[in-house]
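Enquirer: Take a look at the following structure, please.
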């Protein structure tokens, strides 16, 4: 009986296993099929075919075919970049053919252009758009930092690492020598003041925009896209659009915040106290023996004393959605940024409101934008950075026997009135602060006329108001300002106003299936007014507390009145034509030169739409673009360059009248015939896309020529109020190549990888500086009486090229002090004048590369951005000013960079080409990783946590602190820190 039961159990177990095996195999099956394009019926290679909710899947082959083993109850997801994904339940099917339709949102994606927008596929000009998903990550307080390295032809160089600091922005090189080279920047339809007219007390013209509020940057680079802005568009245009609410969307609350830690990346290598003492005693022939007793016993690291680890925080809250068909977005932001230099920081409060109601069945659309910023800046004294390099490291920071100096060690106590100031006192004792308030708001109305539905009227009313109050004071214990006066009281205030009225009509009509037109015509009026006051006092001592140095007040204004128009025409959706014009009138110029005409034209051919290209299924875009246009530059330095003006003399130059010293007025030189500079640009480009734009990009070549270039020339004495006059006499050329490539090598429901690469080559040449040709004429010189002329502008060369002596080296390759090649042919006599100098490179890089990558795997994301400049040169003035004889001068000791041990120069050699270094570099600007928690804490809320490192590494052969130097002269700028940021984003 027991045996039979055992056999029965085994039999039952076998039956269960067979039954289960049969069921499993009954449910598993092999599914195959083809995935094709809905438009042309061609198979699509590389389509992701994945079982939903798993990692089981495959991709289609070159003909769009696939084979996959699945369960009958499975759902297969078919997805590919640019197409709408499809989900299909397997059931009893073994053959599943899928037709994917192109994602219409991608096709209809629009890019912003002047006074309107256009479909991305229909643009004819050189336009680059960067959206929020591609912005640089991290502790970013300045909007321009979001764009660094993201667009070809755009070079953004920060002024340094100071909190809230500004940057130099150049698009396709500079187009001027004496006028502004800054691009026109437009924020939500409001052209803002140029960087050169930034209000006193503000270091960044864009600081009023919270970076978290920005949705897109659109860069207009060629004249066919910028000419509609006429006299302000020679340097390109950057259009910034902020985030808005969406109609029909429920309320959404989001919070983003971060805490960051910034540290100095490195210090300039200088001698320690022990090293300085050793040098002093090893070279007794150079130093006065009476000054040896002034050497201290310390080893003070002055750079370490003035720099710190800085902690910053940033918080932003936004509420967006739609209330009874009223789309809205309201945001508040607070930033508290510490600088790595002690006594420097910035606190900023921002608020933004955007409302987009519509009335009369959407016939009238209204947009209200308002941005408010209040900033407290503490600029400190970045002069302490240079002092920390020069200050004697053998001395202590504090001196208990010097109460008159606030307890700090100062050389003045020991008989050296011109000694290097104590860097710590210099950094900490200053009260250099400002309060800046700015409001930018506009009301835009778009009305679709009932009697002509294709015609829309647009009105834009805007105001931009800024006021600032600041001070730059030092106590009476501070000797670091003047030799004869201690301390300083300085107050200033400023007020800038910018009012705008734009009105234009827009007519869009599909004439028939072959013809489409989009016409715009309008009028613009803009008024700028600036007022400022400065009040300065110096303190001599307690018995003579106040001496007036300089009190000034100024007020200036200018108007710009314009008429503009544009026509876009499309034939068979293959051939595109764009023509624009702007007729500008500026109050800056005389009646004879007040008005300028700025036209442009562009054509585009969608080659991929031609019948002979239809069989190339892998080709999704191929378009040829040609453009030409004229733009201008009317920001020529002041508002009255064509009018006679008088300047009041400063104190010390007053004239005695009846025993009373009174200020006098002197006439300034002026040119009644001055006018705008004009830049003509030609552009040819090829846009391409493969595998439904999974790989896409463009190649562009441009040629820009600026005429009527402003240059200061010598004129006959007596013909004006000076023998030097700024007038329109020059010309300059820029030509270059830009390449942009974007690729999506991985695209599945769970994983994606986006890569962007851009390349820029720009070559600049000054072609004329005088009415007559003089190959030896030097247009502009840069330098000082101490350093000598080190940069010039000359015909046939790039602007701001280095002008230096050609160093001679010994057999070991070491520079020989004071020995240079005889460029002028003076029989070997080198006297250091300009005749013995030559052009040696320029600060502008020959090649610029940008690389960015964004990776997502399920809820994990990672991104990085890198940049490279190739063949940009920097004059290392920190090193060129180092010499042994300068270590002891005028009764005090001074430190030097250890670079001196490489040259062993006894005297300074500021103009040696040895110090002009190739500063090519590769920088990783940031790397960021994050994870998103869905339904966080069981609530209807998503949370994302991220960690970002900025200024990750720099690879370069440059011997200085940082190879990225604005202007090309390295002279102790505020160093850029390395920053670690922990951030959190909440959305519910």
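In the numbering used here, the protein residues as written are 85 to 1072. Virtual Cβ for every residue (Gly too), placed ideally from N, Cα, C.
Which whole-angstrom value is the C-beta distance of residue 885 and residue 825, which I expect to be below 8 Å?
Expert: Residue 885 to residue 825, Cβ: 32 Å. No contact.
Enquirer: How would you label residue 919, buried or exposed, when you count the other beta carbons within 10 angstroms and need 16 or more for buried?
Expert: Answer is exposed; the Cβ neighbour count stays below 16.
Enquirer: When you compare only the Cα positions, how much space is there between residue 940 and residue 140?
Expert: Looking at the two C-alpha atoms, the distance is approximately 18 Å.
Enquirer: Which of the three DSSP states, helix, strand or coil, is assigned to residue 886?
Expert: Residue state, collapsed to three classes: strand.
Enquirer: What does a CB cutoff of less than 6 Å around residue 258 pick up in its chain, not counting 5 residues either side in sequence?
Expert: Once the five neighbours on either side are set aside, the close Cβ partners of residue 258 are 265.
Enquirer: Please tell me whether residue 159 and residue 172 are closer than 8 Å, where the distance is taken between their beta carbons.
Expert: Yes, the pair counts as a contact, with Cβ atoms nearer than the cut-off.
Enquirer: Cβ atoms of residue 1066 and residue 283: under 8 Å apart, would you say?
Expert: Not closer than 8 Å, so no.
Enquirer: What runs of the beta strand (DSSP E), each 3 residues or longer, lie entirely inside the stretch 588 to 629?
Expert: Counting only runs of 3 or more, we get 599 to 623.
Enquirer: Return the CA-CA distance between residue 321 and residue 715, expressed in angstroms with no decimal places.
Expert: Going from the Cα of residue 321 to the Cα of residue 715 covers about 11 Å.
Enquirer: What is the DSSP secondary structure of residue 390, reduced to helix, strand or coil?
Expert: It is helical.
Enquirer: Could you check which residue in 153, 324, 637 and 497 has the C-alpha nearest to that of residue 213?
Expert: Closest by alpha carbon: 324.
Enquirer: In whole angstroms, what separates the C-alpha of residue 710 from that of residue 137?
Expert: If you take the alpha carbons of residue 710 and residue 137, they lie about 48 Å apart.
Enquirer: Alpha carbon to alpha carbon, what distance is there between residue 360 and residue 392?
Expert: Going by the C-alpha atoms only, they are around 25 Å apart.
Enquirer: Going by C-alpha distance, which of 435, 526 and 840 is nearest residue 233?
Expert: Minimum Cα distance to residue 233 is reached at 840.
Enquirer: Which residues does DSSP list as the beta-bridge partners of residue 781?
Expert: Residue 781 is bridged to 772 and 825.
Enquirer: With H, G and I counted as helix, E and B as strand and the rest as coil, what does DSSP make of residue 418?
Expert: If DSSP states are grouped into helix, strand and coil, residue 418 belongs with the strands.
Enquirer: Ordered along the chain, which non-local residues of its own chain (more than five positions away) have a Cβ less than 7 Å from that of residue 500?
Expert: Contacts found: 974, 975 and 976.
Enquirer: Is residue 205 helix, strand or coil when you go by DSSP?
Expert: If DSSP states are grouped into helix, strand and coil, residue 205 belongs with the helices.
Enquirer: Who pairs with residue 482 in a beta bridge, going by DSSP?
Expert: Per DSSP, 492.
Enquirer: Please work out which residues of its chain come closer than 6 Å, Cβ to Cβ, to residue 789, disregarding the five sequence neighbours upstream and downstream, and give them in chain order.
Expert: Cβ neighbours of residue 789 beyond the five flanking positions: 764 and 817.
Enquirer: Should residue 725 be labelled buried (16 or more other beta-carbon atoms within 10 Å of its own) or exposed?
Expert: Counting Cβ neighbours within 10 Å, residue 725 comes out buried, since at least 16 surround it.
Enquirer: Is there contact between the stretch 524 to 531 and the stretch 469 to 485, where contact requires at least three CB pairs shorter than 8 Å?
Expert: The answer is no - the stretch 469 to 485 does not touch the stretch 524 to 531, with fewer than three Cβ pairs under 8 Å.
Enquirer: Buried or exposed for residue 644, going by 16 or more other Cβ atoms inside 10 Å?
Expert: It is buried - the Cβ of residue 644 has at least 16 other Cβ atoms within 10 Å.
Enquirer: If you reduce the DSSP assignment to three classes, tell me which class residue 109 lands in.
Expert: Note on residue 109: pLDDT 42, under 50, position unreliable in the model; no value is reported.
Enquirer: Per DSSP, which one or two residues make a beta bridge with residue 846?
Expert: Answer by DSSP bridge pairing, in chain order: 820.
Enquirer: Provide the residue(s) that pair with residue 751 in DSSP beta bridges, ordered along the chain.
Expert: According to DSSP, residue 751 bridges with 730.
Enquirer: Please classify residue 298: is it buried, with 16 or more other beta-carbons within 10 angstroms of its beta-carbon, or exposed?
Expert: Classification of residue 298: buried, given that the 10 Å Cβ count is 16 or more.
Enquirer: Could you work out which residue in 422, 227, 850 and 211 is closest to residue 194 when comparing CA atoms only?
Expert: The residue with the shortest Cα to Cα distance from residue 194 is 211.
Enquirer: Beta-carbon within less than 8 Å of residue 706's beta-carbon, same chain only, minus the 5 sequence neighbours each way: which residues are those?
Expert: Once the five neighbours on either side are set aside, the close Cβ partners of residue 706 are 690, 691, 692, 697, 770, 771, 772 and 773.
Enquirer: Can you tell me which of the three DSSP states residue 697 falls into?
Expert: Of the three classes helix, strand and coil, the one that applies to residue 697 here is helix, per DSSP.
Enquirer: Which partner residues of residue 551 appear in the DSSP bridge assignment?
Expert: The partner list for residue 551 (beta bridge, DSSP) reads 521 and 579.
Enquirer: Out of curiosity, what's the CA-to-CA distance linking residue 1000 and residue 959?
Expert: Looking at the two C-alpha atoms, the distance is approximately 4 Å.
Enquirer: For the beta strand (DSSP E) containing residue 361, name the first residue and the last one.
Expert: Premise fails: residue 361 lies in the alpha helix (DSSP H), 357 to 366, not in any beta strand (DSSP E).
Enquirer: If we ignore side chains and look at the alpha-carbon of each, how far apart do residue 909 and residue 903 end up?
Expert: When rounded, the distance between both Cα atoms is 14 Å.
Enquirer: Quick check on residue 190: does DSSP put it in helix, strand or coil?
Expert: Residue confidence for residue 190 is low, a pLDDT of 47 falling below 50, so the modelled location carries little weight and cannot support an answer.
Enquirer: Run the CB neighbour count on residue 518, radius 10 Å, all protein chains shown included, and call it buried at 16 or more, exposed below.
Expert: Buried, because 16 or more other Cβ atoms sit within 10 Å of the Cβ of residue 518.
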